[in-house]
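Heads up: the sequence shown begins at 53 in our numbering, then just goes up one per residue. Step one of this worksheet: look at the structure below.
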Amino acid sequence: RAAVGDSKDPRAVYEMGLLYAAQAWWSEAASSFTQALERDGSYANAYIWRGRVRQAESKHQEALSDFAAAIQIDAEDPEAHYYSGQSQAALGRPGQAIEAYTTAVGLDDEFAAAYLARGLLYKAQSQGDRARADLQRVLDLSADPALLRQARLGLEGL
């Protein structure tokens, strides 16, 4: 594993973090994203990716802090809201997760993964009409086989 090095460029350190994350080297990835943030505290994507690493490590409360920081920097980034919703759901907070997913799809009305996540939460809460609408939206939007399969499975029994 290569060392991050002494680069002053936050982008270079961030990109090294992406490489580490792609290999599931969570500690190294988190360290790289933290170093990028030390060099540029307004680097929203570094917060998002460090949060995603923390999700992978089941550190959802810490992940939420990172997503909140990213949202504070760029409230119009649908991914920050989407990943926040994932951590809210993992922490057993479906209402807050739905709110985050709703914000994500409000910012990007073609964000199929956010519709899927929200639709599955609606289904779990016995809100069939809402679940059906969101899951159908995934079928209309996505070409991703995994998302399509999950949406079809979610529609079963509605």
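We put the beta carbon where it would ideally sit given N, CA and C, even for glycine.
Check: Close beta carbons around Thr86, own chain, < 7 angstroms, minus the five adjacent residues each side; Outcome: Arg102
Check: Nearest candidate by alpha-carbon position, reference Gln138, set Asp126, Leu172, Ser84; Outcome: Leu172
Check: Euclidean distance between Cα positions of Pro146 and Gly209; Outcome: 21 angstroms
Check: Lys60 to Leu199 span [Cα, whole Å]; Outcome: 39 angstroms
Check: Residues near Gln202 by beta carbon distance below 7 angstroms, same chain, minus five either side; Outcome: Leu168
Check: Buried/exposed call for Ala166, threshold 16 Cβ in 10 Å; Outcome: buried
Check: Contact set for Ala76: own chain, Cβ-Cβ below 8 angstroms, skip 5 residues either direction; Outcome: Ala108
Check: First through last residue of the alpha helix (DSSP H) which encompasses Tyr72; Outcome: 62 to 74
Check: Leu160 to Leu116 span [Cα, whole Å]; Outcome: A small correction: the amino acid at residue 160 is Asp; Leu does not occupy that position in the sequence shown. In a straight line, the C-alpha of Asp160 is about 20 angstroms away from that of Leu116.
Check: Residue ranges of each beta strand (DSSP E) within the segment 120 to 152, 3 or longer; Outcome: none
Check: Phe85 (DSSP reduced to helix, strand or coil); Outcome: helix
Check: Cβ-Cβ separation, Val105 to Ala73 (assumed contact under 8 angstroms), whole Å; Outcome: 6 angstroms
Check: Cβ shell of Gln184 (< 7 angstroms), same chain only, five flanking positions each side left out; Outcome: Note that residue 184 corresponds to Arg in the displayed sequence, not to Gln. Closer than 7 angstroms at Cβ, skipping near neighbours: Leu207, Leu210.
Check: Burial state of Asp170, where buried means 16 or more other Cβ atoms lie within 10 Å; Outcome: The residue you asked about is not Asp; residue 170 is Arg in the sequence shown. Result: buried.
Check: Short Cβ contact (8 angstroms threshold) for Ala127 with Phe119; Outcome: no
Check: Outcome for Gln140 when other beta-carbon atoms lying within 10 angstroms are tallied against a minimum of 16; Outcome: buried
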